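According to full-length UniProt numbering, the sequence shown holds residues 1 to 390 in order. Read through the structure below, which is laid out as structure tokens, and then see the notes.
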Amino acid sequence: MGRNQRGKCIFRVSLQVGAREKFLLLCIRRVLVPHLLCSQTVKRPTIQDDDKPLPPIILFGNITSANCGINMTMNATSMNFEVYYSKAMHYTLMVTAASFMQVLLLVRQIEYSNSRTSAIKVSLLTIGQQAIMDSYLCLMHLTTGIVVEALFNAFATAAFFKFMIFSIFEMRYLLIIWKARRPHGFQEGWNSMRRELSMLYSRFYGCLLAGIVLIYQMQRYTGALVLLIYSFWVPQIIHSIHHDHRKPLLLRYIIGISCTRLLIPLYAFACPYNFLHSEPNYSLAFALVAWVGFQVAVLVVQHYKGPRFFIPRIFRPEKYDYYRRIPMESPSESQDCAICMMSVGGSHDTSPRVVTPCDHVFHQDCLKRWMEIKLECPVCRRTVPDIDDD
């Protein structure tokens with residue numbers, strides 16, 4: 001305390017240390033005793049004692065000034081950097097393992113969608129949103145590694161896996177889907193192909209920049225922002241309903257990607273001992289798991305029951321019947337399948353036959369194999385709908 005002078009504030013500071021007794025005992029035992037006592041008869045601390053971490057120190061107090069009318073409170077907690085680095089290393093190990101699993105699942109899904117008819121069933125927005133998420137995670141881990149030099153190697157490894165996922169596998173998958181939807185643009189020469197590629201990449205990076213602006217504007221609404229980001233299965237659900245596509249994605253891919261992508265937000269919102277020292281938000285974590293689980297449940301039911309299972313039949317658009325009857329002049333009359341060049345519908349032919357909207361007849365297996373490559377009639381090149389697997 002000093003004298004009250006004109007134009008100056010006199011402050012009174014009162015501090016209190018939590019966990020004071022344990023902290024003082026450990027300091028005397030581990031710091032003062034080895035350096036202040038020189039006698040050889042004194043037992044020095046053992047390695048086991050040195051390995052015990054100090055308890056967290058809580059410092060809180062008040063700073064008041066009566067003459068200026070100022071009253072401030074402070075609350076500080078100590079940090080054990082060894083424990084902090086250990087938690088961060090465990091986190092990066094978890095992210096790296098999850099990224100490796102995502103790579104394996106993506107490879108299987110790309111192999112499953114290697115044909116045009118399979119790739120056209122996948123929603124471009126679903127894969128694009130996941131690619132944008134991985135690009136953000138790559139930037140986040142790389143920035144953290146640059147800021148905290150001691151964690152650079154671990155976080156750079158996690159950032160490398162995220163970069164590999166979105167730049168190699170997911171961008172390749174986006175290109176496959178884009179090519180399946182716009183086949184003529186990739187068959188009209190190099191200039192047309194360049195235009196298609198530039199259109200795809202410009203839209204992707206435009207959405208990437210727009211997402212950064214959206215995150216900045218919605219940073220106060222963390223819950224709504226997280227739920228919006230993790231709605232990446234919604235476009236696939238709507239796409240399957242609109243186009244009546246069944247089994248666009250592997251079940252292992254749906255479940256595996258959902259579980260691995262939930263690890264990071266659950267670590268941040270549901271783990272009370274995370275290295276970020278953020279307060280857990282169990283309600284948001286529960287809502288996030290419930291929302292993603294609901295999307296997965298809808299996709300699984302669509303996989304088995306059909307994409308329009310919850311829409312009443314009277315509101316569904318009428319589907320083309322490939323097994324409709326066509327009149328023939330005589331029972332023994334048969335037509336030739338333009339794919340295998342064998343007779344269809346004859347007295348000796350027992351294989352099921354299908355009829356396209358342009359009234360061309362084929363074997364069911366032949367047309368299905370043909371439609372895995374092109375969704376057009378082999379005879380007149382007219383676009384035909386996909387054959388329902390029901």
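Ideal Cβ positions, reconstructed from N, Cα and C, are used throughout, including at glycine. Bear in mind the structure is a predicted one, so any value in this text is a computation, not a measurement.
Along the chain, where does the beta strand (DSSP E) that runs through residue i open and close?
{"i": "F362", "result": "V361 to H363"}
{"i": "R203", "result": "Premise fails: R203 lies in the alpha helix (DSSP H), W190 to Q217, not in any beta strand (DSSP E)."}
Can you tell me which of the three DSSP states residue i falls into?
{"i": "residue 409", "result": "Given that the chain is displayed from residue 1 to residue 390, the structure contains no residue 409 and the question cannot be resolved."}
{"i": "Q335", "result": "strand"}
{"i": "R108", "result": "helix"}
{"i": "S343", "result": "strand"}
{"i": "P385", "result": "coil"}
{"i": "R172", "result": "helix"}
{"i": "G306", "result": "coil"}
{"i": "L276", "result": "coil"}
{"i": "S283", "result": "helix"}
{"i": "Q129", "result": "helix"}
{"i": "E318", "result": "coil"}
{"i": "S123", "result": "coil"}
{"i": "R246", "result": "coil"}
{"i": "V148", "result": "coil"}
{"i": "R325", "result": "coil"}
{"i": "Q187", "result": "coil"}
{"i": "I311", "result": "coil"}
{"i": "S86", "result": "helix"}
{"i": "S113", "result": "coil"}
{"i": "residue 396", "result": "A question about residue 396 goes unanswered here, because the residues of the chain that appear run from 1 up to 390."}
{"i": "R369", "result": "helix"}
{"i": "L288", "result": "helix"}
{"i": "R181", "result": "helix"}
Between residue i and residue j, what straight-line distance do the alpha-carbon atoms span, to the nearest angstrom?
{"i": "I110", "j": "Q302", "result": "20 angstroms"}
{"i": "G211", "j": "F160", "result": "21 angstroms"}
{"i": "P183", "j": "P378", "result": "17 angstroms"}
{"i": "V103", "j": "Q217", "result": "32 angstroms"}
{"i": "D386", "j": "Y85", "result": "55 angstroms"}
{"i": "L105", "j": "S202", "result": "27 angstroms"}
{"i": "I314", "j": "P307", "result": "15 angstroms"}
{"i": "A88", "j": "W178", "result": "39 angstroms"}
{"i": "W190", "j": "C207", "result": "26 angstroms"}
{"i": "Y323", "j": "V122", "result": "26 angstroms"}
{"i": "I339", "j": "F362", "result": "7 angstroms"}
{"i": "S99", "j": "T222", "result": "24 angstroms"}
{"i": "A150", "j": "T96", "result": "18 angstroms"}
{"i": "R252", "j": "Y230", "result": "18 angstroms"}
{"i": "Y112", "j": "A119", "result": "9 angstroms"}
{"i": "V355", "j": "E196", "result": "35 angstroms"}
{"i": "V292", "j": "E170", "result": "20 angstroms"}
{"i": "L142", "j": "S167", "result": "15 angstroms"}
{"i": "A180", "j": "M193", "result": "13 angstroms"}
{"i": "V148", "j": "D134", "result": "21 angstroms"}
{"i": "L209", "j": "R220", "result": "19 angstroms"}
{"i": "A154", "j": "I215", "result": "26 angstroms"}
{"i": "N62", "j": "I70", "result": "10 angstroms"}
{"i": "D321", "j": "Y304", "result": "20 angstroms"}
{"i": "V83", "j": "V107", "result": "37 angstroms"}
{"i": "P331", "j": "R325", "result": "Interpretation of P331 is limited by its pLDDT of 49, a score under 50 that renders its predicted location unreliable; no figure is taken from the coordinates."}
{"i": "Y273", "j": "I264", "result": "14 angstroms"}
{"i": "M164", "j": "S65", "result": "57 angstroms"}
Does residue i have its Cβ less than 9 angstroms from a Cβ in chain B?
{"i": "G128", "result": "Of the chains in the structure shown, none is chain B; there is only one protein chain."}
Please look up how many angstroms separate the CB atoms of residue i and residue j, rounded, as I've assumed it's under 8 angstroms.
{"i": "K368", "j": "R116", "result": "Contact flag wrong, Cβ pair sits at about 14 angstroms."}
{"i": "P352", "j": "Q335", "result": "Rounded, the Cβ-Cβ distance is 14 angstroms, inconsistent with contact."}
{"i": "L125", "j": "W233", "result": "About 10 angstroms separates the two Cβ atoms, so there is no contact after all."}
{"i": "A158", "j": "T260", "result": "With 8 angstroms as the limit, A158 and T260 do not qualify as a contact, their Cβ atoms being about 13 angstroms apart."}
{"i": "L137", "j": "L174", "result": "With a Cβ gap of about 17 angstroms, L137 and L174 do not count as contacting."}
{"i": "Q295", "j": "I237", "result": "7 angstroms"}
{"i": "A131", "j": "G145", "result": "Rounded, the Cβ-Cβ distance is 21 angstroms, inconsistent with contact."}
{"i": "L227", "j": "L276", "result": "Actually they are not in contact, since the Cβ atoms of L227 and L276 sit about 20 angstroms apart, beyond 8 angstroms."}
{"i": "S278", "j": "A268", "result": "6 angstroms"}
{"i": "Y282", "j": "A270", "result": "6 angstroms"}
{"i": "C337", "j": "C366", "result": "6 angstroms"}
{"i": "G128", "j": "F204", "result": "6 angstroms"}
Bridge partners for residue i per DSSP, in chain order?
{"i": "I70", "result": "S65"}
Which residues mark the beginning and the end of the alpha helix (DSSP H) in which residue i is found?
{"i": "R116", "result": "R116 to A119"}
{"i": "V355", "result": "Unbroken run through V355 is the beta strand (DSSP E), R353 to V355; no alpha helix (DSSP H)."}
{"i": "F160", "result": "F152 to M164"}
{"i": "S240", "result": "V234 to H243"}
{"i": "P265", "result": "L251 to A270"}
{"i": "V226", "result": "T222 to I229"}
Is residue i near the ligand NAD, judged by its Cβ being under 8 angstroms from some heavy atom?
{"i": "G211", "result": "Here there are no bound small molecules, and the ligand NAD is not part of this structure."}
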